[in-house]
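For the sequence shown, the tail end lands on 783 under our numbering, and the numbers increase by one without skipping.
Note that beta-carbon positions come from the ideal geometry of N, C-alpha and C, so glycine has one too.
One structure is given here, and the rest of the page talks about it.
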Amino acid sequence: MMTTKSSSLTRRAAVVATGAVSTIAIAAGAGITSPATAAGPTQPPISTRDVPVVTEDGLQFRDLDRDGDLTPYEDWRLSPAERASDLLARMSTEQKAGLLVHGTLATSGQAYNTATNTDYIQTRNISTFITRLALAPAALAEQSNAVQQIAENTPWGVPITISTDPRNGFAVTEGQTVARVGNTAFPDAIGMGAAGDPALTRSYGDIIRQEYRAVGIHEGLSPQADLATEPRWTRINGTFGSDPQRVKQQVNAYIVGMQGGSDGVNPAGTVATVKHWVGYGAQVNGYDSHYFYGRYASFDGGQFAQHLIPFEGAFAANAGGVMPTYSILKDLVYKGQTVEQVGAGFNSFLTKDLLRGEYGFKGVTVSDFGIVGNCPQICQDTRPPASFIGPWGVGMPWGVEDLTVTERYGKAISAGVDQIGGSVEPAQVVAAHQAGLISRSRLNEAARRVLIQKFQLGLFENPFVDPARAATVAGSASFKTIGDAAQARSLTLLTNQKKTLPASTTTVKKVYLSGVGAQTAQARGLTVVSTPAEADLAIVRLSDPRGGNDLTDLDFKGSETDYQAFAAAAASGTPTVAVPKLDRPLVLSNVVDRAQAVLANYGVTDEVLLQTIFGEREPGGKLPFELPSSIADVKLQLGDVPNDTPRQLFAPGSGLSYRASTPEPPTPTTPHPRFTFRHKPTFHGTARVGRKVTIRGVARSSITPTPAKVAVRWYVGGKRVSSASKTSFVPRRRHVGKHIKVKVTISGAAARTITYTIRGPRVRR
């Protein structure tokens, strides 16, 4: 039974420092521990600056409420759940609301803005933030400590949980990743998928865990458990690939490493917040759902269930967090349930029924950032390369644009979100609660989950870190050895004509470089020349072309600067090694036809690249997705179906070794058989109450190759209409205002079964 105060408490004298420089003797990084005994608990490390320490039974505790006694929530001998319940009972509604937002730490230059963050923490009661600072490890640790010291001076001393987007890779994208400064370099996640070794991925997660905790970061907004099924989607480099079962293994391994085991959140671990629940990889045309035009994911191929599989690996590892996708799952019906046409953060079926009900998730759900913001017309008209952040702020309220901001807070939290990502406005949570949009029990449930994780992380005892130690942990020599090996093991040798690779230092003395630093080559004793014709070997990096009006094309048009350098090198007659970075499944048809070797990468340093080219390391990667033959073929595939372009230039799993035989340059494969309509099906008739609507172009004779069976199902407002015939339907009064949709499932021996979704008009009176 918990008591309000300890009955046998002795207070010990302690020196309490008030400045940011000096701390008490058991301050950050030093810690105190007592030897474990068979009869008593083990003293955890304690770190503090402004908070006194009290002693009971020879054990030390932080006196967070400064009352001179041991309050139950201060007692680390109790379970996290018991401590959370005690603290929750002491908190006001406003203090609880502060737990339900996940803000962004304000910065000023290369440091946190003390005044603004003090307001966030001490006035608004916010205690979870993302950091976007990219600093050397020791400097970042100092900044983390400064934030924790602000939190010490709040009524309950609730410590700050600091999260981050990935910061160990090579891609740097606004709102998605952070520049790597001092951390160990690994290939982007898709490269770990190419390496294909869960044990290596577990080490990857473990190194990230240690580096994060050393600098005072406690939560990683990763991994992406999304499937790379739509080749044009611009976030594929953050996934582990296109195969559901392989991605499931990688997700599981990463989380086990990052959280320090498979038993859930603990004081030595980092919370892994897996994203994006669920189906983000099936973005319509590969569009980015940070933007209004990209707000839909679609499952015309009927493969939504495949997108759930990778998350099973996360749940098996007891992931501490889940982040729902921005996207609306367009017209999805799953297990007979019509999925509401709102972003997943507002969707109670996805976030409560499916995530917590069917899969039993018990951690913290944090929305993707900005879902409660406004997106006025100027925002809705914005497309890349313009930023999704503008004078209006940032807002991705997909499907709930007509709700007020307060109503969006209420809908998201009531739908199952525990924290509103990117928000520093807990007053909106209070307003939604007072308006009856968030119940008292739901407010307490979410706040309790957040508190439990803070106790599980050990932050109430040990929130501070040692900057000197951070400098030795992050990017250490032992970590670099593993990171460099991972980069090499991800490199994927696609072609290698006349055994161009590995290059020999006896025959290659002069190199032409494009996208590779001259100093790295010179350090190897190579002479760097200014034209390809002078060289014994040309090495040219190629980046994602991001072509077309919507920047989703995957092919090189010939106007790209790096491609022009490659084409010139290849035309010079000098053996040329192309090194494309596969952030997405690029079309390499006009690369493999002229390069002597194609060595694909997913993020690699010049040092490791040259070591591999000259045979000191061997490429070990296998493609984690198919490579299509043309952008025209890409437009024929279904966005939720993996690896289904009609002609693959390279199949998933392709990748040579230096020891393997060298095939001739690839030619596009024979098209995969697929049932297609000879002409696009069309609707005829007026979609009005009592009038017949027909669909034409779905008969067996209208499909090639000729199928054995065609099943046609009509839906209105997402619900199946059993009274409809195969080719016609008569709307009723109850259907007014709802959209018609027809699903055509085609099967037979000539090709694999496929389901097409054909969207029709809205029913009118």
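Selection from the options that minimises the alpha carbon distance to residue i
i	options	result
VAL597	GLY591, LEU617, ALA489, GLN582	LEU617
ALA124	ASP386, PHE147, ARG227	PHE147
THR7	GLY319, THR383, ARG709, ASN619	No statement about residue 7 is possible, as the shown extent of the chain runs from 19 to 783 and does not include it.
THR122	ASP137, ALA156, ALA246, PRO402	ASP137
ARG401	THR570, LEU118, THR763	THR570
GLY708	PHE701, LEU368, VAL748, THR149	VAL748
SER240	SER508, ASP399, VAL196	VAL196
VAL711	PRO444, ARG777, ALA729	ARG777
GLN614	PHE584, THR630, PRO216	PHE584
HIS757	ARG782, LEU600, THR763, GLY440	ARG782
SER280	PHE387, ARG84, PHE333, ARG751	PHE333
GLY633	GLY671, SER607, TYR676, PRO603	TYR676
Local conformation of residue i per DSSP, three classes
i	result
GLU578	coil
LEU555	strand
LYS370	helix
ALA588	helix
LYS498	helix
ALA54	A caution first: ALA54 carries a pLDDT of 43, below 50, which makes its placement in the model too unreliable to give a value.
ASN784	The question about residue 784 has no answer here: the residues shown for the chain are numbered 19 through 783.
LEU656	coil
THR41	Bear in mind that a pLDDT of 42 at THR41, under 50, signals an unreliable position, so the model cannot answer this.
PHE333	helix
ARG752	helix
ASN480	coil
GLN268	helix
ASP611	coil
PRO866	Residue 866 cannot be examined here, being either before or after the span of the chain that is shown, 19 to 783.
HIS308	coil
GLN437	strand
ALA48	With a pLDDT of 36 at ALA48, under the threshold of 50, the modelled position of that residue is not reliable, and no figure is offered here.
PRO59	coil
THR201	Here the sequence assigns Asn to residue 201, which means Thr is not the residue at that position. DSSP places ASN201 in coil when its eight states are reduced to three.
GLY361	coil
GLU74	strand
THR771	coil
ILE389	coil
Buried/exposed call for residue i, threshold 16 Cβ in 10 Å
i	result
GLN540	exposed
ARG3	Any question about residue 3 goes unanswered here, given that the chain covers just 19 to 783.
TYR774	buried
GLN263	exposed
ILE772	buried
HIS697	exposed
ASP611	exposed
THR41	Any reading at THR41 needs caution, since the residue's pLDDT is 42, under 50, leaving its predicted position unreliable; the model's value is listed next. Per the 10 Å Cβ criterion, buried.
VAL33	With a pLDDT of 34 at VAL33, under the threshold of 50, the predicted position of this residue should be treated as unreliable, and no value is reported.
GLY256	buried
ASN480	buried
ALA453	exposed
GLN5	Outside the shown range of the chain (19 to 783) lies residue 5, about which nothing can therefore be said.
ALA300	buried
ASP399	exposed
PRO660	buried
PRO785	The chain is shown from 19 up to 783; residue 785 falls before or after that span and cannot be answered.
VAL190	exposed
GLN321	buried
ALA43	Confidence is the limiting factor: at ALA43 the pLDDT is only 37, short of 50, which leaves the residue's position unreliable, though a coordinate-based value still follows. It is exposed - the Cβ of ALA43 has fewer than 16 other Cβ atoms within 10 Å.
GLY9	Only positions 19 to 783 of the chain appear in this structure, which leaves residue 9 out of reach.
ASP420	exposed
ASN143	buried
beta-carbon residue i near the ligand PLP non-hydrogen atom, thresh 8 Å
i	result
GLY408	With respect to the ligand PLP, the structure offers nothing, as it holds no ligand at all.
Flag this pair as touching only if the region 262-277 and the region 290-302 have three or more C-beta atom pairs under 8 Å; answer yes or no. Output reads yes: the region 290-302 touches the region 262-277.
Within 8 Å, do at least three Cβ pairs link the region 91-104 to the region 127-146? Not touching, per the Cβ criterion.
Entirely within the region 137-188 and at least 3 residues each: give me those beta strand (DSSP E) ranges in chain order. Here the runs fully enclosed are 146-148, 179-182.
Does the region 408-418 touch the region 317-333, meaning 3 or more C-beta pairs lie closer than 8 Å? Touching, no.
Which runs of the alpha helix (DSSP H) fall wholly inside the region 482-531 and span at least 4 residues, in chain order? Secondary structure remark: continuous alpha helix (DSSP H) runs of at least 4 residues inside the region 482-531, in chain order: 485-491, 495-508.
Counting Cβ pairs, one atom from each stretch, are 3 or more of them under 8 Å apart for the region 461-473 and the region 194-208? No contact exists between the region 461-473 and the region 194-208.
Across the region 541-555 and the region 587-601, are there enough close Cβ pairs to call them in contact, namely three or more that are closer than 8 Å? In short, these stretches touch, since the Cβ pair count reaches three.
My parser needs the alpha helix (DSSP H) runs of 4 or more residues fully inside the region 688-719; what are they? Those alpha helix (DSSP H) runs which fall completely within the region 688-719 and span 4+ residues do not exist here.
Please confirm if the region 663-674 is in contact with the region 555-575, defined as three or more CB-CB distances below 8 Å between the two stretches. A contact between stretches requires three or more CB pairs, one per stretch, nearer than 8 Å, and the region 663-674 fails this requirement with the region 555-575.
Touching or not, the region 100-111 and the region 416-434, by the rule of three or more beta carbon pairs under 8 Å? Judged by Cβ distances under 8 Å, the region 100-111 makes no contact with the region 416-434, as fewer than three pairs qualify.
How about the region 218-232 and the region 439-456: do they share at least three Cβ pairs that are nearer than 8 Å? Not touching, per the Cβ criterion.
Hey, which unbroken runs of the alpha helix (DSSP H) at 4 residues or more fall wholly within the region 107-131? Entirely contained in the region 107-131, the alpha helix (DSSP H) runs reaching 4 residues are, in chain order, 111-117.
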